[in-house]
Structure formats: C-alpha cells, structure tokens
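Asker: The listed protein sequences correspond, in order, to chains A, B, C and D. Each residue of the first sequence is one higher than the last, beginning at 180 in my numbering. Each residue of the second sequence is one higher than the last, beginning at 8 in my numbering. Each residue of the third sequence is one higher than the last, beginning at 29 in my numbering. Each residue of the fourth sequence is one higher than the last, beginning at 54 in my numbering. Glycine included, every Cβ here is placed at the ideal spot set by N, Cα and C.
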Amino acid sequence: MPIRGKSLMYFAGVDIGSTMTKVVMIDEAGDLVSAIKGPTGPEYRRLANEVMQRALEQAGLDIDQVSYIVATGYGRLRVPFADKQITELSCHARGVSSLFPTVRTAIDIGGQDAKCMKIRDGKLVTFVMNDKCAAGTGRFLEVTAATLGIKLEDMGELSLKATKKIQISNLCTIFAQQEIVALLSRGERVEDILAGLHDALASRVAALARRLNIEPDVVLTGGVAKNIGIVQAMKENLGCEVMVPEEPLLTGALGAALLAREAYMKATASGEKLSTKPRRLERATFFG
Amino acid sequence: MSDKNEGLSKAREIYLNRSQRARELKAAGRRIVGYPCVYVPVEILTALDLVPFQTCGEMKEPISEASRVLPGSFCPVMRSCLDCALKGKHDFLDGMATIHSSDPQEKTARIWQSYTNYPYFHFIDMPITVRPEALEYFKNQLNDFGKTLEAFAGRKLSTDNLAEAVRSHNRQRGLVRELFELTKSSPPRISGTEIVQVVRALTSLPVLEGNDLLAEVIAEVRSRSNGPEKKSARLLIWGSTVDDADVMQVLEANANVVVNESCGGLRAYRGEVKLSNDLFEGLASYYLKEITCARTFRQASLGETKKDYARDLQSRFGHLQKMIKEWRINGVMMLLVRYCDPFAFEMPSLKDYLDSLGIPSTYIEYDYTAGSIAPLRTRVEAFVETLG
Amino acid sequence: MASEKRKKAINRLQSMYPLRAKVNETYLKSIEAIQAGKPAVWAMLNFYYGDPILKAMDIEVVYPENYGAIAAATGVARQFLDRADAEGFPTHLCGYSLTTLGYACRMMKDLKGQIPPEAPLGGMPKPLFLLSSAAICDARYKWFQALGRYMDVPVWPLESPTPGIREFFMEGYYDRMVKLGVQHLRDFVAFVERMVGRKMDWDKLEETANLMIEVNRVWHEVNELRKARPCPMHSRDFWSAMPAALFLAGDLQDSLKLYQDMYKEVKARVDSHTGAIAEEKYRVVFAELPPWHSLGFFDKLAERGWNFVVESFGYHPPIPIDLSKVSDPLERITRFSLQFFAGYYQDALKQKVLGGTSAYPYLKYVREWKCDGALLHPLISCRSASTHLPYVSDMLMHQLKVPSLIVEGDIVDLRLFNPDDALARAEPFEETMEHYRKMRREAGFNW
Amino acid sequence: MAWFMGIDIGSAYSKGVILKGLELVAWHIIISGANYRASAETIRAKLLEKSGLTWSDICGVVATGCGADNVHFAGQKASDVICTARGINSVFPRVRTVIDVACQATKVIQLNEVGIVTNFAVSEKCAAGGGRFIEVIANVLRVNLRDFAALAAKSKSPVTLATSCAVFGESEVITRISEGAPAEDIAAGANKALATRISSLVARLEPAQPCAVCGGGALNTTLVKSIETELNIKLLLPPQPQIISALGAAVMAVAAGNSQSNRRV
C-alpha cells in the first residue's frame, strides 16, 4: 500500500452515474492517488460509501485527510459526505482536458443520455444533451445486447467481423429492438446487425455533436467508449480522429476531484473558509 | 422569520387544490365554464357572470383514459388535460369553451366534446395570420361565442358588463405585470416557483378574487424579508407551458428564474385589451396579435415579397429583447414540451436571434410527465455552470 | 408461380396507366422547365385553394411533402434528417418537414444554392416563394416559416378556416368563411402577381377553376362506383390516379378526358360484376397515408380476399356542389375548397358525430361503401394523420359495429412498418370481421 | 397414435408443446437468443426427449411467434393472436377475453366458445405495454425478475410512475431511487404503471368475462393483482401461462390433422 507522507492535502471526486459509481482521489499536486469503480444500484448512498472506502484504502488514507470532496453524476445529490455538487458536464470537461490539453470537443455516451461538450482552456463553454428517445445512448446497446443474448463488452469486437452494415431504424430504443427481432427472424448475422447498430447510434450522436460545430481534438468518454465498434463508427460519422482515454469511465470523477482541488486552493488563497461536510461514511441505506 | 406570507400561502393552497374554489362557487349556484387555453377570451364569460376555470394538465397524474382516445405521440399537455376531464376531475364544470389555437387544441376539443356532455360546449376557430380579413373573421368568431354564451347564460351581453369585465381582466394583467416587476431586483423579491403558483391560482378563480389575491401577494412581497436568495444567474424561460411548481423549482435550483415567458407565466398578461366602442374588435385584436405564442404567423411586413431574416427574427422575437434588458437576463432557457410543433419549429431561429443579441441560451425538452423533471436538472445546472 | 399469382392478385385499371403516365410526364417536363430556369414555387397540399391560382399563372410547383416521401423511398432521407437534427430541429417533428429543412440547409449552406447531387428526381430548386397552408395540419406554416433560416424567399401562409361542426351551422357562419376565403385569395393573387411580375389572366383562372371542379366531379363519380359489390377499383388505383385531381398535376384538359375514360372502365366492370380482386371476401377502408415503400403488402392481402374499397377523406375529391351560379372565380374556388370538409358537416351533425373534420368521413364511407373493417395506419412522426384514429376506431365500433386493425408505421422511418407483423394480424382480423358481420346483421345493419 | 407439436418462437423465450389428441404430453421453454433456427431445433429435441417420442411419431407441427419462419420443420405458420385464442380456449373453454402480456407488447384478445377471435387489440409500440418494461426496471433495481413480484408485494405505498414510455420510465425510476424511494415501492409502482396501460387497452374492447391472463407477464403475480384491481375483475391464470400460444399452435396442428404436409423433415 502506498504511503502518502509528502502531500498534506487530498481531494476526491465522486461520480454516481446511472449504472456505475466511480471515485478518484488526487493529491495536492493534482496527481492521481486512487481510482475505484463499482456498480450503482438502488442503494446509492451505501455504494457511494463503499466505493469511497475502497478508494481511501487504495490510497492508504483516512477520510479526515481529504480536504474537499465534489460529487457529480445522476446521484450527486445523494452523497452525504460531499462538500459540493457539480454536474457531470463540467466535470467531464475538466477531466478530459486534464488528460488531453488540446481537446476542444468532448463526447460522453452514458447510460441515460449522450452529451457533447465544447471546451476552452479546460472549461465547459457550451453543450448539448439528448435523451434516450433518440436512441443515442449506451442503454441502446445494453438493451440490444440483451436481445441478442451476447455480452456488452463483446459487441465491439464482434461488430468488426461484419461483412455488411444493416441499416437500423434509429428512432427509439424500443423500436430498434423490435426491428432487431425482425432482422434475427429473417436470419441476418449478428455481426452485421451490430455494425448497423453502432452506425445508427454513432450517426445520432454525431448529429447531436454537429449542433455545436465540432472542432478537433475530439475525445470520446463514457463506458461506451470502450466499444471499439462505436469508436470506429464515431470516426466515420464525425469524419475526424477520435481520441479515447485509457479509463473513459473515470473522466467525470477525475474532473470532480480536480475541480475540488481548484475550489479549495482558490478559497484558501483568498483566505476564505470553505464549508465542508462531516467526514463520516455512515452505513445508512434506504432499507435500514 | 416574522413574515407570514399569507397571500403566497393562500396562492399555494389554491394551486395545490385548484378546483376547490370552483366547487364552492358551484355549490353557491354559480356556473363554471372551463377553458383549456389562454386564447379563450375569458372577458366574455366574466361579463355573463360565468366563472372561467382553466382546465390544466397534471404532470404527476399517469395518463390512462386519454390514452384510449389519443395516441402517445401527441401534445402531452392536452393529453393530460383531457385525461383529467375523462377521469371526472372537472365534474363541476357546466361547460367548456375551446379554441383552435393549435392543432392539438383543436383535435382535443373535438374529442373532448364527443366523450363528455356538458350543458354548454363551444369551439372557437382562430386564423393563423394577423391579416385584416383574418382579424375580421376572428372577431366574428368571438361574436358567435358571445351569442352561444348568452343563450346558455340566459341573459344578454350588455356593453357595460363587457366593458366592466375587460377592465377587470386588464387590471389582472396589470397586477401580474406588477408582480413580475418585483423580480427585476437582485435578488428578486419573489421566486419563479411562487409566481407559477400565483398565476395558476388566478386561472382557477373569478377575476375579482384573483385581483384581490394579487394585490395581497404584491403588498406582502414588497415588504418581505424572506424572499429568494441571490443565485449565480438570472434566467428567462421561454416555452409553451411551464405551469408546474416542481418543474420551476428544478429550473431555479442554482439560478433565479426572473421571467417566465410561457402560458404558465407572463405571456397571457403582457398586453391589454383596448377599450373602444367596438369591444369585440378590441378582444379579437388583443388575442390574435398581442399574445406572443408561436402559434400565430408573424412576419416583418404583411404579405412581404422579400425575406430579410434579421427583420423576420425581430418581428417574431423582438419582444424578448426588451425583457432581456429590463430584467438583466444573463441566460435564456428555451423549454420545449415534446410534440409541441409550433414551438419546436421555432427553436433554431430563436437561438439565432439570441445569439445575435449575445445572450447565451440552451434548448431543453420535457414531456410534461414527472419522469422528465430529473433529466431537466442536469441540463439546467450545467447551463448555469457555463454562465458562471 | 407465386409471384405470377401476386401480379394477378389485384386487377389494376387499364385506364389508370395513361393517367399516371401523364402525371409523371408533366412532372419531368416541369423539372426540365425548372432546370432551364423557369421559376418554381414550393407548395403544400392546400386542397384546391392555392393550386388553381398557381396553375392559372403558369408557375411550376414542387411539393416538399411529396418530395419527402420520394427521399424516404429512395433512402436518402436519413442524411437530410440528421442534418436537420444537427441544425437543432427537434427529432420528433414531422419527418417530411425535417427532410425539407435538412435539404434546404444542405443546398443553401453547403452548395450555395446548387441542387444537392444526391437529391433524387432532379431535386427541388430554390423557389421563387413558399406557399404554406394550415389545412388539416396547421403546424405546417411554421415549417415553411422555419425555411426562412436558409432561403431569403418570402412565404405566403394560406388561411384555412376550421369550424366546429355545430358552430358551422350558426347564422351567417358559412358566408363569413367564404368572405375570409375570397378576400384572402384576392390578396394572394396580388402577391403572386408582384412575385412573378405578371398580371393574372382571369379568363385562364376561370377555365382552370371550372376544369378543377369538373375533374374532381368525375373523379368523385368514379369513386361512387366503388360502392358496388364486388368493388371494381382497388385503393392502389386510387392512389395512382389521385395526384391529377388532388394536386392538379398535369394538364387539366387531358386529366378530365382520362378520368372520364376511367369512369367508363369502372362502370363497365360494375355492369359485368368484375371486382378489383379475384374473390372479394372483405371490403376494407384504409386510413391515411399508405406505406408507399411496401405496397406489395396489399397484393398479399388481396390474395386473402381483402379488397380496399375506399380510403382517407383527405385525398378524396370534395362532394360535388353546384357552383355554376357563382360568378367570381375566386369565390368559386373558395367555396369548392371549403366544400372539401364542409361537405360532410350536415351529415355529421345528423349523426351527432362531432369528432371533427378528419374523423367523421370514415363513418360515412364505411356505411355507404359497406366496409367489413378498417385498416388504420398511424404514422409516428405525422400527428395529423394519426391523432384522430383511436377516435375513428371507437366510433366505427360503437356506431356501426365495424372493427379496426391498427398497424403502426411512419412517413420517413420506413422500417417502422413491418409487413410481416401486419400480415400476422390479418388472419385473426378476418375472424374478427366475420364475427362483427354477424353482430351487424343481428343489429339490423344491411351489410 | 397421433402426436402434434406447437412451437412459439418469441423475441425473448421460445416455447414448445407436444399434444396427444388434446392432452398435454410435454412442454419446454428456453431463451430465444440470437439464433432462432437453433432455438427451434433445441425445443424440438427437448420435447421429443421429454416425451420419449421420435420425430416420426409427430404428425403435424404448427409454428407461431415472431420467429415462426425459422421453424423449418413446421408444416404451417399461424398468427400468434389466433394461437393464444385457441390455446386459452383449450385450457379454459369458458374464457371470452385473454390478456397476453408478452415481452414486446401486450395483446388483448376476445374469443368465442370455440376459440375463434372476435376482436383484439395490441399495445401501441410507443407505450411500453409489454413485459420488457418490467425487465428494464428490474435491471435498474438489480433484482432478479423472479423475485420482482415478491419485492413489489412488500410495498405499502407504491410510487406513481407517470411516464408512459419505457425509456423515460427508466429515467423516472432512477430518479425515484436517487430520491430515496424504497425498491419495493418502485417495483410496485412499475407494476401499477404497466397494469394501468394494460387496463386501458382492455377497456378499449369492453371485455366479456370470464377473463384470463397469460404470457410471461402472468408469472408476475403482483402485476396480475394490479390489473385485477384496475379492472375490478378476477383473472384466471393457466398452469403454464407462458406456453399458451405454443399450446394453441399445437391445437391447430391437431385440427389440421394427420396429413404429410403438416410437418417438414
């Protein structure tokens, strides 16, 4: 376990998404000290606690040593020990630009929605979001994986084996699913359906991104960015190179940690005292 | 806090139980006529001693009855209105006054009429342009409306009564504008959420009771010390319908909503009906021209043979420029109710216009159900973060 | 073998082909003319109101609504839809409107006014002006207004009074509608004259108006003949022949002759008891726009004995009305256009069906064309063609004991309509139609 | 002796039965997966294994469901609506209305004493009228579909889910969770929401009683209860609600009788 003597202050970002909860901790210098992922379930708070606990253990820290904590994501309001809430858009923007300083456009495809962000000097300038009705989200893939009876993580590789791209109606997750059922019964190959599916999703997201006239560099984040098929399809649909972070799931939590650090530094510099929440990880759940 | 905010809590009570007063009045022998859209000239109802009651939707109520007669991809506000009616929530109504302000209004009105049997039901047709012949036609439509109402009310519509009603409703419009004056300060003296509750209360009360409520609210808000706190941005909400306090609360999470330019807010109160010797002329002209809803076709000059996009935008959205200046707006939220076509077509053009004014804006959509509130939150907060 | 059988499933009218050919020919002529620099106008389906004016002024007209259907059928719609999305238009807007907006954006922003190379059938050139209409679908005038974002061309929105059914019979109501219509049309003529820099040839307008009315009268008579058992003419022939009367496509003089020929052929079939399909087991009404891309679906149903004997009132000619006493051609046009829906109001009031313009005619048709069932085809992104359908099916069941089969589809997202799915519903629906045939007899209906 | 087979390839599950006359000899259910042809093969093999019969014993096969075309050994294809009607009729001859809650959509079918369809309605594509809606919610709640009904039964105060679209319904549920609503109340709320939609579909037909429920959704006992409360009627529940359509297919095979064209080798 790493011993963290040299740094006096640590900062944490907690990102509670609709499917995954992530925590990133950084030190005074902004260097990563721990990063943890866990599933989000119906018991947000307990999971936030658990993931935070594991992050602290990995960092070899006690929670009292964490100077400031920012929560983000869908469940950001349900993190009792967080000092501040910031939306995932600002956090992604910050996180992505710390990894890719030259980024101008970030695209995050999450489970609930797809977001496109314009970034200037690490800050979010403007954004567009679509909801799942337009099928431009990760859920689109999850539902399909379920329909096809394959693993979500296998979809990308599988789609690269396609011999043709079947055009999929991209109006809505539900419709697309019914269409896939029809395609299957017609005996179409799963690979080809997937290829069409990825293209459909990519074209929806690309159209969304075009509302902000895309400028390079473009970075793709969110769990879906792990899907090589999607990354390819995004490149084709955007007509430009697309960069992907090593840990696309963590950019939100990372950004939150960085914003926590900046807020804290700014405050201490100007001598003001930031209010912080009690550093307790009570085991409270909605059921107990 | 020593402030009691009696007027505001009264407004909240009425907002939470809109039909209560109407039921009391009904029990006391008054006759209640519902109307689903702010385009229905309530002055005529008031003049005939009928109580106008706006039949609103209820976001938290799952649609069941209406889903049997209207498809899913249809204006969710009207679906919700009709659903409430079919579930008997408006069983105290003696009649309905409907109007062709948009397709969903027109189509819902006809289905409403077919599946209910109020003693009175009238449909007012409404032209799309503000051309002279259209205005003339609309004026006659209002005349017909008056005639059927006279027959229903069993009394004549006297010029004096109508003039008096116009005065009362003009006074209400004036008071609502006064209420919005109180959001010009920073922090505003009254929150957007409170205003939604007040405005919704007005649409469920006889005009004079509404005016009294407004007077009370305005007086106490002027002197209150527990008004809303200053937040990081002052927003203008533009859209078809924002009439739910919970939605407004989300919109106000980290900003002050100081103007609600929708038919749950300022829109139906910005102008005034001109008192001339031809009152119907005044009514027709007010409702067709003064209410700035996307449903009316406006252009820089009638029958223009050239198109100048900049002038076109000015003619359609010019009224927002003044508001943005007077209320010191630093962000505009274009809030679209899904499937509201007239407003949906407007979106990119309005953004062009706001860009030309250098005002940041964001386009947000919701489907008028409880489920769409949470997704709003992130969009709104992120938008405000970009302003800060 | 099977395909051969399929070809024979529907006995198409011989007289339809020359009519369709004429329409296509004039369409191509018009494209040539336009490409040669003749000014064109983008117009919407306006139900005999604005079209005769444009025709009399010899202006080429393209209909984005039709073009949207073509773009969808040829598979190029998607890119225009995505472009409209990228422009910030909500994706749940009418698919045809989004196609046009995406198209206009591409043409004007990327190509400086040049027609996009990928555009099918010669594309739609930048118009002289836009003619929108509020009839039936009143959001459409916002659509053409939104085009102002890409094209510096003026737009004229045609008013379309839409009275309530009871209200319509109030004293002086109809006359006021006519007054509005005539004045509005007079101003429109002046507008067109200013735009093209020519004066209206009133004699030509007179002739055009009269031909339009006569063409539609004959076309109406043709459809009346379809009340016969077996029904001599299938909906597919109706849709093929419809544009010449509905859009006044082609030369009206030719059209009149061709519709008269069609009348003769259909009449002959009635006299010889020849049906449009081999064995007419079920007489069905079709609601709203057909799935243009998979019309073969109707052949499959024809093999099962489904004869489509009548369709949406929205594409049917107005019920004939004597306008010979009306001297002013503008008034004749106005009254004819109003008749398009007003023609049903008297009857609708008698039947106490107040459900509106789009709903009532189905009851009349089903009763008079003696339908066993209705195939309703709601279109996800076309609210105007869908909103009234649940109401229609409810009315048909309760007033006439006629069941409806609902099969969802869309106007641009063609894959939403699943023919296999629909066919799987056909068999149980046949049992349903048989059942209600009994019910109707018990209830004393005569079919 | 004559045995007949009915195969129902649905979007989620594939089911099959073997009938001897009208007596149920064997039935089997598997997940459809991506290869319907293979699923059909598996079902056939399993059915023969369970019944101890050989393929040559089977005199007729009728296939139904969205994957019916993939049942290459079937003699004929039949509509799922008709199969459900015939199937429920063979179990409950007196039933006049059956609610089939399948994965993709819900069907309400009215039938007469001999199982002939007299009217039917299918849920709107956009209205999340099928069991899939519950699957989605169960997935969010991280509960096994089998435990869903039991969880919902625990609820004292079901949450109100106003959204009719499955996709937005999920967002709404996630919101309720983050607001701290207990899982059982959400589960119960989801059941109630689906029950409401199904009930208005039923109401469209003004159902004749007695009324039965079948399809995978029928296994969700709390959903069934909610529908009963909504409609204020008692719903009959067949022993294996999932196989009703397959059963109906087999019944049709029996009716088609023993002729070579009724099966393909």
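Using C-beta distances below 7 angstroms, list every residue in its chain close to B/Leu2, excluding the 5 sequence neighbours before and after it, in chain order.
Answerer: This structure cannot speak to residue 2 of chain B, because chain B is shown only from 8 to 395.
Asker: DSSP state of C/Arg257, grouped into three classes?
Answerer: In this structure, DSSP gives C/Arg257 a state outside helix and strand, which the three-state scheme calls coil.
Asker: Quick one: what does DSSP say D/Ala205 is sitting in, helix, strand or coil?
Answerer: In this structure, D/Ala205 counts as helix in the three-state DSSP scheme.
Asker: Once the 5 residues before and after D/Leu288 are set aside, which same chain residues still bring their CB inside 8 angstroms of it?
Answerer: Ile152, Cys264, Ala265, Val266, Val277, Ile280 and Glu281
Asker: Rounded to whole angstroms, what's the CA-CA distance from A/Leu375 to A/Gln346? Just pull it up for me.
Answerer: First, the residue type needs correcting, since residue 375 of chain A is Gly and not Leu in the sequence shown. CA-to-CA, the gap between A/Gly375 and A/Gln346 works out to about 5 angstroms.
Asker: Between A/Thr219 and chain B, is the shortest Cβ-Cβ distance under 7 angstroms, so that the two count as touching?
Answerer: no
Asker: A/Glu358 touches chain C at which residues, Cβ-Cβ below 7 angstroms?
Answerer: Arg443
Asker: Run through chain C and tell me which residues come within less than 8 angstroms of A/Ser382, C-beta to C-beta.
Answerer: Arg106 and Asp110
Asker: With a threshold of 7 angstroms between beta-carbons, can B/Glu1 be considered close to chain A, or not?
Answerer: Here chain B covers residues 8 to 395 and nothing more, so residue 1 of chain B does not appear.
Asker: Could one say the Cβ of A/Arg233 lies closer than 7 angstroms to chain C's Cβ atoms, at least one of them?
Answerer: It does not: the Cβ of A/Arg233 has no partner Cβ on chain C nearer than 7 angstroms.
Asker: Using a beta-carbon distance below 7 angstroms, is A/Val245 in contact with chain D?
Answerer: no
Asker: Assuming B/Cys82 and B/Pro111 are in contact, meaning their beta carbons sit under 8 angstroms apart, how far apart are those beta carbons, in whole angstroms?
Answerer: 4 angstroms
Asker: Report the option in C/Ala296, C/Thr119 and C/Tyr202 whose CA atom is closest to the CA atom of C/Glu359.
Answerer: C/Tyr202
Asker: Can a CB atom of chain B be found closer than 7 angstroms to the CB of D/Thr275?
Answerer: no
Asker: On the premise that C/Leu175 lies in contact with C/Met72, defined as a C-beta separation below 8 angstroms, what is that separation, rounded to the nearest angstrom?
Answerer: About 11 angstroms separates the two Cβ atoms, so there is no contact after all.
Asker: Taking 8 angstroms as the cut-off, does the stretch 329–340 of chain C touch the stretch 256–274 of chain C (at least 3 CB pairs, one atom from each stretch)?
Answerer: yes
Asker: Sorted by chain position, which residues of the same chain lie with C-beta nearer than 6 angstroms to D/Ile251's C-beta, five sequence neighbours on each side aside?
Answerer: Thr159 and Ile280
Asker: Once you ignore the five residues that flank A/Glu367 on each side, which residues in its own chain have a CB closer than 7 angstroms to its CB?
Answerer: Ile345
Asker: Taking the straight line between their C-alpha atoms, what separation do you get for A/Arg389 and C/Gly103?
Answerer: 22 angstroms
Asker: Can you check whether the C-beta of C/Asp180 is within less than 7 angstroms of a C-beta belonging to chain B?
Answerer: yes
Asker: Per DSSP, what kind of secondary structure is A/Gln264 in: helix, strand or coil?
Answerer: A/Gln264: strand per DSSP, three-state reduction.
Asker: Nearest to C/Pro345 by CA position, among C/Asp86, C/Ile143, C/Pro357 and C/Phe368, is which residue?
Answerer: C/Phe368
Asker: How big is the Cα-Cα spacing for B/Pro134 and B/Phe145?
Answerer: 7 angstroms
Asker: How about the stretch 368–387 of chain C and the stretch 229–241 of chain C: do they share at least three Cβ pairs that are nearer than 8 angstroms?
Answerer: no
Asker: Determine the contact status of D/Ser231 and A/Arg257, defining contact as a CB-CB distance below 7 angstroms.
Answerer: yes
Asker: Would you identify the three-state DSSP class for C/Tyr77, choosing helix, strand or coil?
Answerer: coil
Asker: Which residues in the same chain as B/Leu93 place their Cβ atom closer than 7 angstroms to its Cβ, once the five residues preceding and following it in sequence are excluded?
Answerer: Glu72, Ala73 and Tyr122.
Asker: Could you work out which residue in D/Glu166, D/Ala131 and D/Lys130 is closest to D/Arg147 when comparing CA atoms only?
Answerer: When only C-alpha atoms are compared, the closest one is D/Glu166.
Asker: Alpha carbon to alpha carbon, how far is C/Ile305 from C/Ile439?
Answerer: 27 angstroms
Asker: Counting only the same chain and skipping the five closest in sequence on each side, list residues whose C-beta sits under 6 angstroms from that of D/Ala191.
Answerer: Leu198 and Phe201
Asker: Whole-angstrom Cβ separation of B/Arg196 and B/Tyr22, contact assumed at under 8 angstroms?
Answerer: The Cβ separation is near 19 angstroms, so there is no contact.
Asker: Please work out which residues of its chain come closer than 7 angstroms, Cβ to Cβ, to C/Leu351, disregarding the five sequence neighbours upstream and downstream, and give them in chain order.
Answerer: Ile241, Arg360, Arg363 and Phe364
Asker: Going along chain D, which residues have a C-beta under 9 angstroms from B/Ala317?
Answerer: Under the 9 angstroms cutoff, chain D gives no residues; its nearest Cβ is about 38 angstroms from B/Ala317.
Asker: List the residues of chain B whose Cβ lies closer than 9 angstroms to the Cβ of A/Glu267, in chain order.
Answerer: Thr385 and Ala389
Asker: Using only CA atoms, which one of C/Glu234, C/Thr236 and C/Val217 lies nearest to C/Lys227?
Answerer: C/Val217
Asker: When we look at the beta-carbon of B/Phe324 and count the other beta-carbons within 10 Å, is it buried (16 or more) or exposed?
Answerer: buried
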